[in-house]
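Read through the structure below, which is laid out as structure tokens, and then see the notes.
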Amino acid sequence: MPKQIPEDVIERIRKANDIVDVIGEYVQLKKQGRSYMGLCPFHGEKTPSFSVTQDKQIFRCFGCGKGGNVVTFLMEMESYSFYEALKFLADRSGVKLPEMGMRENSSLSEENQSILSAHEWLQKLYHHLLRFTKDGKEGYQYLIDRGIKQETIDLFQLGFAPNVKDFTAEFLEKKGFHQQVLVKAGLLSLRDDDTVADRFRGRVIFPIRNHLGKTVAFGGRAIAGQEPKYLNSPESDLFQKGKLLYNFDQAKKHIRSSGEAILLEGYMDVIAAFQAGVKNVIATLGTSLTENQAKLLRRYVDTVVVCYDSDNAGTEAAYKAANLLRQVGCKVKVARMEDGMDPDDYIKAYGANAFTDKVIKASDTYMSFYMRYMKKDYNLNLEGDRINYLEIVLKQLAVIDNAVEREYYVKELSREYGLTMDTLNQEILKIRQNMGINKDKREKKRYTTNNAKDIHQNKKLLPAFHNAERQLIAYMLKDTAIADKVQEQVGGSFNLEEHKIITTHLYAYYEEGHPADVSLFVDRLNDEKIIQIVIEIAMMPVVEDISDKEINDYIRIIRAENSDMATIKMLKEKQRLAEQQSDPIKAAQIAMEIIEIQKQLKSPI
Numbered sequence: 001m002p003k004q005i006p007e008d009v010i011e012r013i014r015k016a017n018d019i020v021d022v023i024g025e026y027v028q029l030k031k032q033g034r035s036y037m038g039l040c041p042f043h044g045e046k047t048p049s050f051s052v053t054q055d056k057q058i059f060r061c062f063g064c065g066k067g068g069n070v071v072t073f074l075m076e077m078e079s080y081s082f083y084e085a086l087k088f089l090a091d092r093s094g095v096k097l098p099e100m101g102m103r104e105n106s107s108l109s110e111e112n113q114s115i116l117s118a119h120e121w122l123q124k125l126y127h128h129l130l131r132f133t134k135d136g137k138e139g140y141q142y143l144i145d146r147g148i149k150q151e152t153i154d155l156f157q158l159g160f161a162p163n164v165k166d167f168t169a170e171f172l173e174k175k176g177f178h179q180q181v182l183v184k185a186g187l188l189s190l191r192d193d194d195t196v197a198d199r200f201r202g203r204v205i206f207p208i209r210n211h212l213g214k215t216v217a218f219g220g221r222a223i224a225g226q227e228p229k230y231l232n233s234p235e236s237d238l239f240q241k242g243k244l245l246y247n248f249d250q251a252k253k254h255i256r257s258s259g260e261a262i263l264l265e266g267y268m269d270v271i272a273a274f275q276a277g278v279k280n281v282i283a284t285l286g287t288s289l290t291e292n293q294a295k296l297l298r299r300y301v302d303t304v305v306v307c308y309d310s311d312n313a314g315t316e317a318a319y320k321a322a323n324l325l326r327q328v329g330c331k332v333k334v335a336r337m338e339d340g341m342d343p344d345d346y347i348k349a350y351g352a353n354a355f356t357d358k359v360i361k362a363s364d365t366y367m368s369f370y371m372r373y374m375k376k377d378y379n380l381n382l383e384g385d386r387i388n389y390l391e392i393v394l395k396q397l398a399v400i401d402n403a404v405e406r407e408y409y410v411k412e413l414s415r416e417y418g419l420t421m422d423t424l425n426q427e428i429l430k431i432r433q434n435m436g437i438n439k440d441k442r443e444k445k446r447y448t449t450n451n452a453k454d455i456h457q458n459k460k461l462l463p464a465f466h467n468a469e470r471q472l473i474a475y476m477l478k479d480t481a482i483a484d485k486v487q488e489q490v491g492g493s494f495n496l497e498e499h500k501i502i503t504t505h506l507y508a509y510y511e512e513g514h515p516a517d518v519s520l521f522v523d524r525l526n527d528e529k530i531i532q533i534v535i536e537i538a539m540m541p542v543v544e545d546i547s548d549k550e551i552n553d554y555i556r557i558i559r560a561e562n563s564d565m566a567t568i569k570m571l572k573e574k575q576r577l578a579e580q581q582s583d584p585i586k587a588a589q590i591a592m593e594i595i596e597i598q599k600q601l602k603s604p605i
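Residue numbers (the UniProt record's numbering): 1 to 605.
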């Protein structure tokens, strides 16, 4: 922990940033008992095993084992240095943090810091040109003609790059940026004659921000017939378009509050929808939805509405996106608009309320969309095609676990194609049996039950002294009086090495006058393995008012282990002497004594 930052400042920053609020900006958390659960952001999972404890201000994933406090979460999540994590939290909560030279404490390379700074300068320049100069009038008029209001232009920091090849190069060079770095970042293009030119000249500029609101790239929209119509920055360490979503930094709080994300195709669709009051909107960056983007959305929300253009290409893209989202565990709905329209067109034609009520709220379920999507491949006037269509739809219905949902669509098929529900349900049952769905569910249930039982048994099978030490440390972490008692009666004589290390640090921590606060305590530890053990122990269930008798029992077990280990050491020495004196009977008797003591030591608590 950096010594330059006073401990009282660190503590003030931590207390001003509740861990549930901070982690809730990255993970959809749901309250379960005294904890909050969500999908772990550090490893892929479909069933939540990531736990955040508000009263202790710590987190732990029971799947991958990662754990810590609000600072270590940000260090892990954002690859921040300790200082950067504190700076982020200080800025978030309005606490003043002593300046220490960000470059020296940054997890980013000097080159990437320079690239970020160049993007920030250019964003300001392009926006200023658009809003306040004659050079940007063409771009400004284009956006106004597209129905974008002035306040929306300011909110999204939209800009314009003048059609002058060396305008950006000269501006950034005057700011001290190296031309080679700017070419590498894609802000300048290297020409065949080794001169450089502004990559986005003559285009309306859309800043592309990461989830923290830092501009890491630009999208440029041609307005005078240039090709291509849309041009993005090239990929870099800071900008990987398969991992970012346009407008995610502004939309994520609305996504969390609405419980739903709306996935659109382009910048203008997002801006038009946001301006219309639909603020939980994001878009991919000129490519198909990727698995990384789908997993990112799944961490934040259960339901995603796919709202792509209504043409054939949009429908195909919606189908692929919907399937990918379902694979990562999202509930998917698919919006549909009039033929040939995109969300921007629809809002212009019918207004914000119609878009909300008749498009987003009226979205099809995935199954309804699937049935409609599949019809395009069959001529339903032909008997053979009707049968093939029904077979493929029934296969999709078979994988739905919810019996009510299955029955709803079976009724729909029954009415539309004149087949009895019994016939359709029998076919679905046969498909499920062939796919092993029911068997798999039974196996999963049996495995889950047995697995839970095994975990419980494994915990019980720990030696008595091991469980006693863990339980005692758990109480020591939450009560200084218990720690004082243990220090007096046990001191550093814990039997497991990691427990000796933890208690030694804990005694010192309390002697310095610190409160019983595991979140603050782990900041003083440097060994990652020890930190994870402390977090694991701190997450163990403990009773609120433990009796002195129970604490004394734990102490007695630990002392007994120490005594027994000393006895074993003495007996082994006697055994060695008996073997040296060629007395095998005595050596065997001693060996039996040792085995008996070891058996007792291994007895569960």
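C-beta: ideal position from N, C-alpha, C; glycine also.
The DSSP-derived three-state label of residue 200 is coil. With the rule of 3 Cβ pairs closer than 8 Å, the region 370-386 does not count as touching the region 401-408. Spatial neighbours of residue 129 in its own chain (CB-CB distance under 6 Å, excluding positions within 5 residues in sequence) are listed in chain order as 135, 136, 160. With fewer than 16 other CB atoms across the displayed protein chains lying within 10 angstroms of its CB, residue 292 is exposed. Between residue 70 and residue 12, the C-beta gap is not smaller than 8 Å, which leaves the two residues out of contact.
Going by DSSP, residue 37 is part of the beta strand (DSSP E) stretching over 35-38. Counting only the Cα atoms, residue 353 lies some 31 Å from residue 290. Counting along the chain, residue 434 sits inside no beta strand (DSSP E); it lies in the alpha helix (DSSP H) bounded by residues 421-435. Annotation: residue 388 to residue 310 spans about 26 Å, alpha carbon to alpha carbon. DSSP, reduced to helix, strand and coil, places residue 131 within a helical segment of the structure shown. Per the coordinates, the alpha-carbon of residue 472 lies some 17 Å from the alpha-carbon of residue 532.
If you check the CB distance, residue 480 and residue 510 come in under 8 Å. Judged by beta-carbon spacing, residue 363 lies within the 8 Å limit of residue 335, meaning their Cβ atoms are closer than that value. Residue 31 is bridged by DSSP to 36. Between residue 377 and the set 393, 366, 540, the nearest pair of CA atoms involves 393. Of 347, 223, 66, 222, the smallest CA-CA separation from residue 271 is found for 347. For residue 373, the uninterrupted alpha helix (DSSP H) segment begins and ends at 366-375.
Nearest Cα to residue 24 within the set 51, 10, 384: 51.
Going by DSSP, residue 478 is part of the alpha helix (DSSP H) stretching over 464-478.
When the Cα atoms are used, residue 368 and residue 413 turn out to be separated by approximately 11 Å. Taking a C-beta distance under 8 Å as the contact criterion, residue 201 and residue 232 do not qualify as a contact pair. Within its own chain, no residue has a Cβ closer than 6 Å to the Cβ of residue 109 once the five positions on either side in sequence are excluded. The continuous alpha helix (DSSP H) containing residue 252 extends over residues 248-258.
Taking C-beta atoms as the reference points, residue 304 and residue 297 count as a pair closer than 8 Å.
Measuring C-alpha to C-alpha distances from residue 154 to each of 171, 256, 125, 172 identifies 125 as the nearest.
Here the C-alpha atom of residue 191 lies approximately 7 Å from the C-alpha atom of residue 197. A Cβ-Cβ contact shorter than 8 Å links residue 143 with residue 158. Of the candidates 285, 146, 400, 146 places its Cα closest to the Cα of residue 275. A residue is called buried once 16 or more other Cβ atoms fall within 10 Å of its Cβ, and residue 17 is buried on that count. For residue 50, the enclosing beta strand (DSSP E) stretches over residues 50-53. Collapsing the DSSP output to three states places residue 503 in a helix. DSSP, reduced to helix, strand and coil, places residue 331 within a strand of the structure shown. Annotated as distal: residue 221 and residue 209, with beta-carbon spacing of 8 Å or more.
Sixteen is the threshold: when 16 or more other Cβ atoms of the shown chains lie within 10 Å of the Cβ of residue 66, as they do, the residue is buried.
For residue 228, the secondary structure class from DSSP, reduced to helix, strand or coil, is coil. In the three-state DSSP reduction, residue 595 falls in the helix class (H, G or I).
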